[in-house]
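In the order they appear, the protein sequences are chains L, F and X.
Be aware that the first sequence starts at 1, since it is given in our numbering, and climbs by one per residue.
Be aware that the second sequence starts at 1001, since it is given in our numbering, and climbs by one per residue.
Be aware that the third sequence starts at 2001, since it is given in our numbering, and climbs by one per residue.
Yeah, the Cβ is synthetic: ideal placement off N, Cα and C, and Gly gets one too.
What follows is a single structure, written as structure tokens, with notes after it.
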Amino acid sequence: MPVSLASLAIQLGAELDLGSAEDDQGICDVAALEQAGPTDLTYLDGDKYLSRLDSCRAGGVLVNRELAAKARQHFPGPLLVVPQAQEAFILAMVTLRPPARRPHLGVSPHAVVAPSARIGGATNVHPLACIGERVIIGEHCDIHSGVVIGDDCVIGDGVTIYPNAVLYPGMQIGSRVIIHAAAVIGADGFGYRFHNGAYLKIPHTGTVRIEEDVEIGAGTTIDRGMVGATVIGKGTKIDNQVMIGHNCQIGRHNAFASQVGFAGSTVTEDYVRCGGQAGVSDHLRLGKGCTLGPKAGVHVDVPPGEKFHGMPAGPDKEQIRIHLHVQRLPELRKELQALVQRVALLERQLAAETGTGPSAAAA
Amino acid sequence: MPVSLASLAIQLGAELDLGSAEDDQGICDVAALEQAGPTDLTYLDGDKYLSRLDSCRAGGVLVNRELAAKARQHFPGPLLVVPQAQEAFILAMVTLRPPARRPHLGVSPHAVVAPSARIGGATNVHPLACIGERVIIGEHCDIHSGVVIGDDCVIGDGVTIYPNAVLYPGMQIGSRVIIHAAAVIGADGFGYRFHNGAYLKIPHTGTVRIEEDVEIGAGTTIDRGMVGATVIGKGTKIDNQVMIGHNCQIGRHNAFASQVGFAGSTVTEDYVRCGGQAGVSDHLRLGKGCTLGPKAGVHVDVPPGEKFHGMPAGPDKEQIRIHLHVQRLPELRKELQALVQRVALLERQLAAETGTGPSAAAA
Amino acid sequence: MPVSLASLAIQLGAELDLGSAEDDQGICDVAALEQAGPTDLTYLDGDKYLSRLDSCRAGGVLVNRELAAKARQHFPGPLLVVPQAQEAFILAMVTLRPPARRPHLGVSPHAVVAPSARIGGATNVHPLACIGERVIIGEHCDIHSGVVIGDDCVIGDGVTIYPNAVLYPGMQIGSRVIIHAAAVIGADGFGYRFHNGAYLKIPHTGTVRIEEDVEIGAGTTIDRGMVGATVIGKGTKIDNQVMIGHNCQIGRHNAFASQVGFAGSTVTEDYVRCGGQAGVSDHLRLGKGCTLGPKAGVHVDVPPGEKFHGMPAGPDKEQIRIHLHVQRLPELRKELQALVQRVALLERQLAAETGTGPSAAAA
Chain L
1 MPVSLASLAI QLGAELDLGS AEDDQGICDV AALEQAGPTD LTYLDGDKYL SRLDSCRAGG
61 VLVNRELAAK ARQHFPGPLL VVPQAQEAFI LAMVTLRPPA RRPHLGVSPH AVVAPSARIG
121 GATNVHPLAC IGERVIIGEH CDIHSGVVIG DDCVIGDGVT IYPNAVLYPG MQIGSRVIIH
181 AAAVIGADGF GYRFHNGAYL KIPHTGTVRI EEDVEIGAGT TIDRGMVGAT VIGKGTKIDN
241 QVMIGHNCQI GRHNAFASQV GFAGSTVTED YVRCGGQAGV SDHLRLGKGC TLGPKAGVHV
301 DVPPGEKFHG MPAGPDKEQI RIHLHVQRLP ELRKELQALV QRVALLERQL AAETGTGPSA
361 AAA
Chain F
1001 MPVSLASLAI QLGAELDLGS AEDDQGICDV AALEQAGPTD LTYLDGDKYL SRLDSCRAGG
1061 VLVNRELAAK ARQHFPGPLL VVPQAQEAFI LAMVTLRPPA RRPHLGVSPH AVVAPSARIG
1121 GATNVHPLAC IGERVIIGEH CDIHSGVVIG DDCVIGDGVT IYPNAVLYPG MQIGSRVIIH
1181 AAAVIGADGF GYRFHNGAYL KIPHTGTVRI EEDVEIGAGT TIDRGMVGAT VIGKGTKIDN
1241 QVMIGHNCQI GRHNAFASQV GFAGSTVTED YVRCGGQAGV SDHLRLGKGC TLGPKAGVHV
1301 DVPPGEKFHG MPAGPDKEQI RIHLHVQRLP ELRKELQALV QRVALLERQL AAETGTGPSA
1361 AAA
Chain X
2001 MPVSLASLAI QLGAELDLGS AEDDQGICDV AALEQAGPTD LTYLDGDKYL SRLDSCRAGG
2061 VLVNRELAAK ARQHFPGPLL VVPQAQEAFI LAMVTLRPPA RRPHLGVSPH AVVAPSARIG
2121 GATNVHPLAC IGERVIIGEH CDIHSGVVIG DDCVIGDGVT IYPNAVLYPG MQIGSRVIIH
2181 AAAVIGADGF GYRFHNGAYL KIPHTGTVRI EEDVEIGAGT TIDRGMVGAT VIGKGTKIDN
2241 QVMIGHNCQI GRHNAFASQV GFAGSTVTED YVRCGGQAGV SDHLRLGKGC TLGPKAGVHV
2301 DVPPGEKFHG MPAGPDKEQI RIHLHVQRLP ELRKELQALV QRVALLERQL AAETGTGPSA
2361 AAA
């Protein structure tokens, strides 16, 4: 059952311009610009995609106010003009694809829950989840199938843990945290003493503390501290397959893209961002609001607000300057060779002038 | 019970040359060249391994026709001469180690299958697998222990999903797909809006569509699209611990080695190959048949057929040229220093000639 | 209940110097230097952290004998002087936080164990673990929840396998091995033949053999050999999210940090170490005791004892030399430009001297 463009416009605070459309045919779903059909709403994500509107078949396009006039030149159909198109699109998505209401499962009879565990109200423990002794779980949580929660873990309210994620014993998880499938929280840190030709394991008796509103990607691993806690600060978002080593202290509102790795005991302040596959050595400090480029390899502290990239990583400006010099190396070599010839000519001319042979230096 | 070399030769279409062997002692198993013993068949994988035949103890060696004469100089025992030794070896492996017949388990009483799920004939659902509401699974599939399949997934025929792999709700899996252990299909894409100093989650209501004959490695993660589908094209092979970001459109018959990462919305055409640990930024296009070297870091579109490597990645030829220039930098600096001395000498000579002091430029 | 410093000192073989403390107030727990409070024992990990003692609030600090005098200048409270502070600290940790006694679960009624499997004495099989046909498990093992052990695996004594790890059929695991959560042992190697425009799977019928005292990190994947075994040598320690390709032969007492990747068939000798995110191509040999830096990309054999880093990786000395030259490129270009001007001046002077115009070479 379609929603009329008019009512959608009211809901999204949009100005509706039907354009060449004869009447309001309504919208059934949302779609990306290239995939959208006549019953789909889409949005224009900035002016660099304007030309893609030429072949757009959507039933309606959300556009930022400042792009509306330009968009009209590329698309004759209904435009919904808003201050922020992506934001309005997300709102429309929630309207048109209402999230499934959380089921009221309670504790599945196919889950295995230790008798001493305490599970909050309106929390679902799905089939084949396994919950250890003395675990405390808050209200309105979803503990999905195959999740294993070790003894003595404490979990806040509104937490979602997706299938097959693992919490070792004693983890502390704040409210509204989301942990994706197959993530592992609390494995032993990678610490050994080398003795008589063999590595002896250093016991890890610390924990991991994840503060509220953190999201942790699928397959990500966060190791427990040796004696203290590895900490992930409030609001920090971590993508898939990221590695956080033992005793790291990750600040608040950090964002780490996929396959990033942190060795042990590194500290990040708030608002640090890392591009994919970046790596950070141990015992470093990344300053507030600094940014690491994709694949950056960081061996030194990064000052607040600084942007680093490269391997070994350095400030963007320096790295770009060096990179340009490297790209121009073939040209530099040619210039040097030309100069060698000019000097050789000068040497011959001067020798002729003074009546002497070639100077020793030219040999 | 050994198979005679003669019957193996007939089966493999090989020409048997017993060499110094007095009679056909038969073969029990296959093995790599270095490990093979007197009852093992092995193969020579190209001429660069010829010298390893000197110490080979195998009961028979498969060789390519064009290497047979050379191989005889290094190995006195039975040779089986074929057009393509590796292919024949694989055939022999299947003969000598017949794959275990798939058991007829049906749906294990220890699995948890939602009442509304539909499971095809001759499909096994192993103990402790968990299958959600309205899931449709085709015929001749193996859903191994610990696999979690979310609500509304649709799975074709002949699909194998190894232990502890996870499919989020609504995934679409084509026939003959193989998904290895602990892989995660359909976690939320890494998308947030930054608002009032915090990251707000962008809901992901899209899906992942995996076409037929795809293989996905252990621990690999493929995120769902924001509204549309992340797509893996027919016949594409993905190794372990690869990350495919939300809304990527991966073409057909691609091959990605381990630990490769794709950020969101990148498109690859058919026959793209990536070496291990390569990383590709978002919203790019990799042309048909292009190749990325190991650890390549790609920030730009790659034209069809092109080979890129390096970080930032560029065409192989350019990268090699630049790399050679970099390697010769110490030498270049020496040349420059020598030239500085020659120029200084010229300046002194000219000054002496003209009776003036050193020129200002030489200061 | 606190332990007195005096008795702790006896136990650790330490010399106790109470300093300004009026009496022995005892110790309840261990903590890192920055987090330690008045009832915690901590340790000084080398002289570079001496200044952190200024604000240390610990109830006691373990210090190496040679640092005791210096430490006293920074910390007035109780010092425990020992030959090796970290070692003593670990011993104290074991005393103050005695590891939980392994529970006597036996085989949980919620586990699924094939009738033909043989489980040794004092081994725990936790709820929702799944053990295949003909599996043999030794004594004093812990097979945690969600672990899936395929048919015909053989596992030694004292082995710990953490939740949701997967062993494909036929794996061989030595005594005292530790396998962390979500690790996958024995997935098929990434091997295909390209035929008629498609990749054909090469069957993998080999195995993985993990020798005694190996530790394998969370999310790490080790692929089975094609026909023979992928081997991990005795005492080798592997961090999280490491990839070991099919048919690798990893030596004894190796140590690989997180996110390292090995392509197939590479051999490492004993005591090889790899920094995080290093990558090693296929069919190489890493010599005894060699070291790869973080993010190294190795395409060639590495001689014994050598240190390699960079991409492509080379010997440390060479790489550092080249790196310094690259950093000085802007300076080199300036020197070249200055020299160009000096030569131009010389050319003009010589032309003036000889009464000719500028030479052709200067054009």
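Own chain, CB closer than 7 Å to residue i, minus 5 neighbours either side, in chain order
i	result
G1357 (chain F)	With a pLDDT of only 49 at G1357 (chain F), under 50, the local geometry of the prediction cannot be trusted, and the value read off the model is given with reservation. For G1357 (chain F), where only same-chain residues beyond five positions count, the Cβ hits under 7 Å are A1351.
A363 (chain L)	Here the model assigns A363 (chain L) a pLDDT of 37, short of 50, so the residue's position is not dependable and the matter cannot be decided.
V1227 (chain F)	T1205, G1206
T2291 (chain X)	R2273, K2307
H2144 (chain X)	H2126, A2129, I2161, Y2162, P2163
Reference residue i, options the options, closest by Cα
i	options	result
L41 (chain L)	L:A68, L:I10, L:L80	L:L80
A85 (chain L)	L:R97, L:L67, L:Q349	L:L67
I137 (chain L)	L:A117, L:G146, L:S145, L:H144	L:A117
V1112 (chain F)	F:G1191, F:K1317, F:E1034, F:G1132	F:G1132
S2265 (chain X)	X:S2281, X:Q2277, X:N2254, X:S2258	X:S2281
G233 (chain L)	F:P1099, F:G1189, F:A1092, F:A1198	F:A1198
N2254 (chain X)	L:H299, L:H283, L:Y192, L:S258	L:Y192
Neighbourhood of residue i by C-beta distance below 6 Å, restricted to the same chain and skipping five residues each side
i	result
A360 (chain L)	With a pLDDT of 42 at A360 (chain L), under the threshold of 50, the modelled position of this residue cannot be trusted; read the value that follows with caution. Around A360 (chain L): no qualifying Cβ.
V1148 (chain F)	C1130, V1166
L2286 (chain X)	T2268, V2272, V2302
V2242 (chain X)	T2220, F2256, V2260
N1064 (chain F)	A1085
G2170 (chain X)	D2152, T2207
Beta-carbon spacing of residue i, residue j below 7 Å
i	j	result
H1104 (chain F)	P1127 (chain F)	no
D270 (chain L)	G245 (chain L)	no
G1235 (chain F)	R1252 (chain F)	yes
V1159 (chain F)	Q1172 (chain F)	no
G2293 (chain X)	G2275 (chain X)	yes
A1021 (chain F)	G1106 (chain F)	no
A187 (chain L)	A2069 (chain X)	no
G225 (chain L)	N247 (chain L)	yes
D2382 (chain X)	N2124 (chain X)	Given a span of 2001 to 2363 for chain X in the structure shown, any question on residue 2382 (chain X) remains unanswerable.
G2174 (chain X)	E2139 (chain X)	no
R134 (chain L)	D151 (chain L)	yes
H180 (chain L)	Y162 (chain L)	yes
V82 (chain L)	L62 (chain L)	yes
M2311 (chain X)	K1295 (chain F)	yes
P2330 (chain X)	H195 (chain L)	no
L2012 (chain X)	A2088 (chain X)	yes
P2146 (chain X)	G1146 (chain F)	According to the sequence as given, residue 2146 (chain X) is Gly; it is not Pro. In contact: G2146 (chain X) and G1146 (chain F) (Cβ atoms closer than 7 Å).
Cβ-Cβ separation, residue j to residue i (assumed contact under 8 Å), whole Å
i	j	result
I238 (chain L)	I216 (chain L)	5 Å
L2005 (chain X)	D2024 (chain X)	5 Å
L1339 (chain F)	V343 (chain L)	6 Å
L2346 (chain X)	E1347 (chain F)	6 Å
Q337 (chain L)	I1322 (chain F)	Contact flag wrong, Cβ pair sits at about 17 Å.
R57 (chain L)	A36 (chain L)	6 Å
P203 (chain L)	V2094 (chain X)	6 Å
Spatial neighbours of residue i in its chain, beta-carbon cut-off 8 Å, leaving aside the 5 residues before and after
i	result
D19 (chain L)	Note that residue 19 (chain L) is Gly in the sequence shown here, rather than Asp. So the list reads R72, F75, P76, G77, P78, L79, once near-sequence residues are dropped.
K2288 (chain X)	G2251, E2269, D2270, Y2271, V2272, P2304, G2305
P1002 (chain F)	Q1025, G1026, I1027, C1028, T1039
P2315 (chain X)	E2306, K2307, F2308
- Length at least 3, wholly inside the segment 2079-2156 of chain X: the beta strand (DSSP E) runs in chain order: 2079-2082
- Which runs of the beta strand (DSSP E) fall wholly inside the segment 2189-2243 of chain X and span at least 3 residues, in chain order? Counting only runs of at least 3 residues, the segment 2189-2243 of chain X fully encloses the following beta strand (DSSP E) elements, listed from N- to C-terminal order: 2192-2195, 2198-2201, 2207-2210, 2229-2232.
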